[in-house]
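One structure is given here, and the rest of the page talks about it.
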Amino acid sequence: MADARSHVLAGTRGALHVHAWPHPRPRYAALLAHGYGEHAGRYAGVAGVLGAHGAVVYAPDHAGHGRSAGERVVIEDFEDVVSDLHAVAGLVRAAHPGLPLVLVGHSMGGLVAARYAQRHGDGLTALVLSGPVVGAWELPGRLLALDEIPDTPVSPAALSRDPAVGAAYAADPLVWHGPMKRPTLQAFARTLATVAAGGDVGALPVLWLHGADDRLVPLAGSRVGVERLTGTGGDLTERVYPGARHEVFEETTRAEVFADLTGFLDRVLAR
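The sequence shown begins at 1 in UniProt numbering and counts up by one.
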């Protein structure tokens with residue numbers, strides 16, 4: 001796959017840095033939404049798999065993350081992040097009119113992707129949620145009840161059983177290694193409630209990927225949100241990986257995860 005290119009868009013909170021992995025003859029486009037405290041550059045492996053599968057791939061650094069503008073890891077309103085993602089989708093459609101569009105969201109990006117599907121689902125061909133922050137996620141309420149947010153960063157060991165993944169995360173200068181911030185926690189709590197009340201995504205095909213040993217976003221809490229999002233008659237494909245931690249795309253079983261991802265997309269794109 002070709003090296004990533006960069007675009008800069010005017011986001012809702014300032015300059016939005018967008019990674020783009022081109023493809024000479026794409027059969028679909030993929031839009032990636034990364035997780036809390038990280039950046040889209042960590043998804044080069046995912047982009048490579050999707051590129052080999054026929055996708056042109058775009059992924060913004062969300063506001064306050066990576067190379068995008070904003071105070072580090074401060075998101076005051078996730079609706080703005082959804083709007084930023086929609087602006088990137090507009091960039092994709094301008095460059096590749098008529099291509100099916102697949103949205104992939106991991107962790108916090110899963111919350112953004114779920115809300116995006118509620119607002120703009122008619123423009124999507126499929127939705128992929130990896131360890132998504134939807135449903136019953138207790139962390140924001142627990143931290144907001146404290147007078148002071150503890151300086152407890154994400155543990156690299158919680159990401160994957162592959163120690164190289166944690167080591168790279170710990171050494172990455174674009175990853176936030178400090179405490180969570182109160183405005184972001186408040187925004188998480190509000191948006192979890194908004195997505196819960198926002199209705200299902202109808203017949204949109206959804207692939208849900210989750211590590212059974214995910215301690216950052218526990219499986220049981222996400223299940224509540226995913227099942228509500230897909231509804232009783234929805235098109236949901238579920239894959240839970242025994243022993244896997246939070247980042248299933250970076251797990252020791254990543255080959256199985258990517259096979260499940262591309263197999264799902266083959267089924268959806270063949271319709």
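Idealized CB from N, CA, C, for every residue including glycine.
These numbers were taken from a predicted model, which means no experiment stands behind them.
- The DSSP-derived three-state label of Leu236 is strand.
- Counted as a single uninterrupted DSSP element, the beta strand (DSSP E) harbouring Pro205 occupies residues Pro205 to Gly211.
- DSSP, reduced to helix, strand and coil, places Pro60 within a strand of the structure shown.
- Distances from the alpha-carbon of Arg245 to those of Leu236, Phe258, Phe264 and Val217 put Val217 closest.
- Counting other Cβ atoms within 10 Å of its Cβ, Gly202 stays below 16 and is therefore classed as exposed.
- Burial is judged here by how many other beta carbons sit within 10 angstroms of a residue's own beta carbon; Glu250 has at least 16 and is buried.
- For the 7 Å CB-CB criterion, Val175 and Ala114 do not form a contact.
- Beta-bridge partners assigned by DSSP to His120: none are found.
- Between Gly135 and Gly221, the CB-CB gap stays under 7 Å.
- Where Leu91 is concerned, there is no enclosing beta strand (DSSP E), although the alpha helix (DSSP H) around it starts and stops at Phe78 to Ala95.
- Going by DSSP, Leu99 is part of no beta strand (DSSP E) at all; its letter is neither H nor E.
- Burial check for Asp122: the Cβ neighbour count within 10 Å stays below 16, so the residue is exposed.
- Secondary structure note for Tyr169: its alpha helix (DSSP H) is the uninterrupted segment Pro163 to Ala171.
- Put simply, the backbone Cα of Pro60 is about 13 Å away from that of Gly14.
- Listed in chain order, the non-local C-beta contacts of Gly234 below 8 Å within the same chain comprise Asp200, Val201, Gly202, Ala203, Leu204 and Val206, local neighbours out to five positions each way being set aside.
- Going by beta carbons, Val74 and Met108 fall outside the 7 Å limit.
- In the DSSP assignment, Gly141 falls within the alpha helix (DSSP H) that extends over Leu139 to Leu144.
- Taken through DSSP and simplified to helix, strand or coil, Leu31 comes out as strand.
- Thr232 counts as exposed, since fewer than 16 other beta carbons sit within 10 angstroms of its beta carbon.
- Rounded to the nearest whole angstrom, the C-alpha separation of Leu146 and Ala189 is 15 Å.
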